[in-house]
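Participant:
Protein chains: 2
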Amino acid sequence: MRLTAKGRATRQRIIEGAAAYLRSDDPAGVTLDDIRAITGTSKGQIFHYFPDGKEELFLAVARFEADRVLDDQQPHLGALTSWAAWERWRDSVIARYRAQGRNCPLGALMSQVGSTPGANEVVSTLLNRWQFHVREGIAEMQEAGLVRASVDADRVAAAFIAGIQGGVQVLRSTGSIAHLEASLDTLIDHLRG
Amino acid sequence: MRLTAKGRATRQRIIEGAAAYLRSDDPAGVTLDDIRAITGTSKGQIFHYFPDGKEELFLAVARFEADRVLDDQQPHLGALTSWAAWERWRDSVIARYRAQGRNCPLGALMSQVGSTPGANEVVSTLLNRWQFHVREGIAEMQEAGLVRASVDADRVAAAFIAGIQGGVQVLRSTGSIAHLEASLDTLIDHLRG
DNA sequence: CTTTTTCTGGACCGGCTGGTCCACTGTGGT
DNA sequence: ACCACAGTGGACCAGCCGGTCCAGAAAAAG
Numbered sequence: 001m002r003l004t005a006k007g008r009a010t011r012q013r014i015i016e017g018a019a020a021y022l023r024s025d026d027p028a029g030v031t032l033d034d035i036r037a038i039t040g041t042s043k044g045q046i047f048h049y050f051p052d053g054k055e056e057l058f059l060a061v062a063r064f065e066a067d068r069v070l071d072d073q074q075p076h077l078g079a080l081t082s083w084a085a086w087e088r089w090r091d092s093v094i095a096r097y098r099a100q101g102r103n104c105p106l107g108a109l110m111s112q113v114g115s116t117p118g119a120n121e122v123v124s125t126l127l128n129r130w131q132f133h134v135r136e137g138i139a140e141m142q143e144a145g146l147v148r149a150s151v152d153a154d155r156v157a158a159a160f161i162a163g164i165q166g167g168v169q170v171l172r173s174t175g176s177i178a179h180l181e182a183s184l185d186t187l188i189d190h191l192r193g
Numbered sequence: 001m002r003l004t005a006k007g008r009a010t011r012q013r014i015i016e017g018a019a020a021y022l023r024s025d026d027p028a029g030v031t032l033d034d035i036r037a038i039t040g041t042s043k044g045q046i047f048h049y050f051p052d053g054k055e056e057l058f059l060a061v062a063r064f065e066a067d068r069v070l071d072d073q074q075p076h077l078g079a080l081t082s083w084a085a086w087e088r089w090r091d092s093v094i095a096r097y098r099a100q101g102r103n104c105p106l107g108a109l110m111s112q113v114g115s116t117p118g119a120n121e122v123v124s125t126l127l128n129r130w131q132f133h134v135r136e137g138i139a140e141m142q143e144a145g146l147v148r149a150s151v152d153a154d155r156v157a158a159a160f161i162a163g164i165q166g167g168v169q170v171l172r173s174t175g176s177i178a179h180l181e182a183s184l185d186t187l188i189d190h191l192r193g
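Here you go:
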């Protein structure tokens with residue numbers, strides 16, 4: 001599919017409009033017609049830019065949102081080289097999800113598109129990159145002698161990822177951010193030894 | 001609504017049949033007609049026993065499954081009074097979710113019924129009871145002098161809940177149970193100090 | 001045995017939603 | 001000027017799915 005500048009702009013408008021919609025409103029039943037209305041486009045355009053329809057569009061939105069998740073944690077996530085940096089990262093994660101509240105765009109997408117290979121791939125990629133940064137941070141702290149060498153960096157990084165995911169899920173269900181905080185704080189405590 | 005013995009049996013058959021279906025098959029798009037077919041009932045019966053339709057039925061199934069989640073961890077979860085007991089509990093959780101694999105009945109229900117008050121209440125109740133047992137376990141370990149008193153039992157219990165939830169979610173997305181294991185092991189390590 | 005209530009089966013409906021189709025318009029290249 | 005193709009709009013369709021309704025069987029009540 002060849003795209004002109006105008007075409008690329010429209011395609012992007014659809015993705016970002018859909019993402020904005022998911023971030024603001026109840027995402028339980030997102031329909032193509034909702035997105036069409038919000039982005040000021042037509043059915044023809046949606047299927048022109050996303051020939052495979054709903055799934056292709058939603059996966060594009062999911063990838064867009066997945067990038068945002070990591071971007072929102074930068075520059076902290078990329079430089080976990082001191083306890084202060086870890087605290088700043090912690091705060092940025094809490095702040096991000098507190099602002100997001102109960103609406104989780106990625107979660108909404110995933111429950112819509114189900115567990116297709118494409119969806120799993122988006123989530124896996126995000127979690128892998130996320131965990132990679134945390135693991136790097138732990139390893140650097142160990143090299144600097146700030147974290148004991150007996151800590152299994154990969155395992156604890158996995159625990160961070162799981163704790164964050166679970167904390168966000170609890171936030172979505174109960175509206176309380178306490179679990180996310182507890183998870184991050186406990187694991188950082190664990191690193192401090 | 002008055003129920004005879006036969007009626008109660010049918011109602012239960014619907015709930016348990018639906019639960020079994022969610023446990024085995026891809027639960028992305030569960031429809032009332034699926035449940036009707038599997039349980040060998042008719043539309044009339046479903047709406048007879050669950051007048052509010054889909055949501056009422058699905059919440060009943062969710063409550064049923066939520067009870068199972070805790071039951072499957074007993075008797076270990078109720079008596080976390082030694083390190084051996086904690087390990088047994090850990091193993092039972094891992095075993096349960098390894099057996100369950102990618103199909104998470106409760107998760108499927110929740111993504112179907114959305115974030116209605118009823119659904120949130122079911123999840124909140126489950127998580128609260130779960131966390132209560134873990135907190136009690138930590139407190140007992142502290143009283144026995146096996147865990148240092150400086151540990152905030154409630155906070156670490158919350159971290160356990162978040163870690164488990166996140167681990168299960170990663171399992172659903174990637175099929176790997178590593179995150180669940182990492183989370184439990186890291187937090188138990190943390191308790192060991 | 002009659003009456004009343006519960007239980008069961010399934011035909012039917014209305015609306016929603018993803019997806020198709022086609023006509024029309026813009027636009028860039030030659 | 002022309003042409004080919006990208007972009008746009010929206011009417012239309014088919015299937016699905018939650019939900020309604022009613023008629024008849026079974027069983028409790030009297």
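Same order as they appear, the protein sequences are chains A and B.
Anchor point for the first sequence: position 98 equals 98 in UniProt numbering, and the numbering is continuous, going up by one each time.
Anchor point for the second sequence: position 115 equals 115 in UniProt numbering, and the numbering is continuous, going up by one each time.
Heads up, the beta-carbon is just placed ideally off N, CA and C, and yes, glycines get one too.
Using a cut-off of 8 Å between C-beta atoms, extract the partners of A/Q142 located in chain B.
Facilitator: Within 8 Å Cβ-Cβ: nothing; A/Q142 doesn't reach chain B, min ~15 Å.
Participant: Which ranges would you report for the alpha helix (DSSP H) in the region 74 to 160 of chain B if only whole runs of at least 4 residues count?
Facilitator: The region 74 to 160 of chain B contains these whole alpha helix (DSSP H) runs: 83 to 100, 105 to 113 and 117 to 143.
Participant: Should B/A157 be labelled buried (16 or more other beta-carbon atoms within 10 Å of its own) or exposed?
Facilitator: Counting Cβ neighbours within 10 Å, B/A157 comes out buried, since at least 16 surround it.
Participant: Where does B/T41 sit, in a helix, a strand or coil, going by DSSP?
Facilitator: The answer is coil: DSSP assigns B/T41 none of H, G, I, E or B.
Participant: Thinking C-alpha only, which one of B/G17, B/A149 and B/C104 is nearest B/A60?
Facilitator: Per the Cα distances, B/G17.
Participant: In its own chain, which residues sit with a C-beta less than 6 Å from the C-beta of A/S92, not counting the 5 before and 5 after it?
Facilitator: For A/S92, where only same-chain residues beyond five positions count, the Cβ hits under 6 Å are Q73 and H76.
Participant: Nearest CA to the CA of B/Q12: which residue from B/L57, B/P51 and B/P27?
Facilitator: Answer by Cα proximity: B/L57.
Participant: I'd like the list of long-range same chain contacts for B/R96, defined as Cβ closer than 6 Å, with 5 residues on each side in sequence excluded.
Facilitator: Contacts found: D72.
Participant: Note down the Cα distance separating B/G137 from A/S150, rounded to an integer number of angstroms.
Facilitator: The straight-line gap from Cα to Cα measures roughly 26 Å.
Participant: Are A/G193 and A/R148 touching if we call contact CB-CB under 8 Å?
Facilitator: Result yes, Cβ atoms of A/G193 and A/R148 sit closer than 8 Å.
Participant: If the cut-off is 7 Å on Cβ atoms, which residues from the region 149 to 164 of chain A count as contacting chain B, listed in chain order?
Facilitator: Listed by position, the residues of the region 149 to 164 of chain A near chain B (Cβ gap below 7 Å) are R155, V156, A158, A159, I161, A162, G163 and I164.
Participant: DSSP on B/S176, reduced to helix/strand/coil?
Facilitator: DSSP places B/S176 in coil when its eight states are reduced to three.
Participant: Look at the Cβ atom of B/Q165, then the Cβ atom of A/G107, and state whether they are nearer than 8 Å.
Facilitator: Against a cut-off of 8 Å, the Cβ pair of A/G107 and B/Q165 comes out as no contact.
Participant: Start and end of the alpha helix (DSSP H) containing B/G29?
Facilitator: Counting along the chain, B/G29 falls outside any alpha helix (DSSP H), and DSSP gives it neither H nor E.
Participant: In chain B, which residues lie less than 7 Å from A/H179 when you measure between Cβ atoms?
Facilitator: By Cβ distance, chain B contributes A158, I161 and A162.
Participant: Can you pull out the residues from the region 111 to 132 of chain A whose beta carbon lies closer than 7 Å to at least one beta carbon of chain B?
Facilitator: For the region 111 to 132 of chain A, which is checked against every Cβ of chain B, the residues closer than 7 Å are S111, G114, S115, N120, V123, S124 and L127.
Participant: Give the C-beta separation of B/I14 and B/T31 to the nearest angstrom, bearing in mind that I take them to be a contact with Cβ-Cβ under 8 Å.
Facilitator: B/I14 to B/T31, Cβ: 14 Å. No contact.
Participant: For the UniProt domain "HTH tetR-type" (14 to 61) of chain B, list every residue whose C-beta sits within 8 Å of some C-beta in chain A, in sequence order.
Facilitator: Cβ contacts with chain A come from D26, A28 and G29.
Participant: Suppose you measure from the CA of B/F47 to the CA of B/V113; what does that come to, to the nearest Å?
Facilitator: Roughly 17 Å between the two C-alpha positions.
Participant: From this set, B/L80, B/T41, B/I35 and B/R63, which residue's C-alpha is nearest B/T125's C-alpha?
Facilitator: The residue with the shortest Cα to Cα distance from B/T125 is B/R63.
Participant: With 8 Å set as the bound, which would you pick, yes or no: does the beta-carbon of B/G7 sit closer than that to a beta-carbon of chain A?
Facilitator: No, because no Cβ of chain A sits closer than 8 Å to the Cβ of B/G7.
Participant: With B/D67 as the anchor, note down where its alpha helix (DSSP H) starts and where it stops.
Facilitator: Note, B/D67: alpha helix (DSSP H), K54 to D71.
Participant: Using the beta-carbon count (16 or more within 10 Å), is A/D185 buried or exposed?
Facilitator: Label assigned to A/D185: buried.
Participant: Can you tell me the Cα-Cα spacing of A/G139 and A/A153, whole angstroms?
Facilitator: Residue identity differs from the one stated: residue 139 of chain A is Ala in this sequence, not Gly. Cα to Cα, the separation comes out at about 6 Å.
Participant: What is the DSSP secondary structure of A/F50, reduced to helix, strand or coil?
Facilitator: Residue state, collapsed to three classes: coil.
Participant: In whole angstroms, what separates the C-alpha of B/L171 from that of A/R102?
Facilitator: Going by the C-alpha atoms only, they are around 22 Å apart.
Participant: Could you give the DSSP three-state label for A/L22: helix, strand or coil?
Facilitator: In the structure shown, A/L22 sits in a helix (DSSP, three-state: H, G or I).
Participant: I'd like the list of long-range same chain contacts for A/S24, defined as Cβ closer than 6 Å, with 5 residues on each side in sequence excluded.
Facilitator: The answer is none, since no qualifying residue turns up.
Participant: Look at the Cβ atom of A/I177, then the Cβ atom of A/I94, and state whether they are nearer than 8 Å.
Facilitator: Yes.
Participant: Looking at the structure shown, is A/R192 part of a helix, part of a strand, or coil, going by DSSP?
Facilitator: A/R192: helix per DSSP, three-state reduction.
Participant: Is the beta carbon of A/R129 sitting closer than 8 Å to the one on A/L70?
Facilitator: Cβ distance < 8 Å, so A/R129 and A/L70 count as in contact.
Participant: Tell me whether the beta-carbon of B/G145 lies closer than 8 Å to the beta-carbon of B/E55.
Facilitator: No, these two residues do not count as a Cβ contact at 8 Å.
Participant: B/V170 versus chain A: which residues are under 8 Å apart at the beta carbon?
Facilitator: By Cβ distance, chain A contributes L127, I161, A162 and Q165.
Participant: Using the Cα positions of A/L109 and B/S82, report the straight-line distance between them to the nearest angstrom.
Facilitator: Taking the straight line from one Cα to the other gives about 42 Å.
Participant: What residues in the region 89 to 107 of chain B bring their beta carbon closer than 8 Å to a beta carbon of chain A?
Facilitator: Residues R102.
Participant: Run through DSSP, which three-state label would A/T4 get?
Facilitator: Of the three classes helix, strand and coil, the one that applies to A/T4 here is coil, per DSSP.
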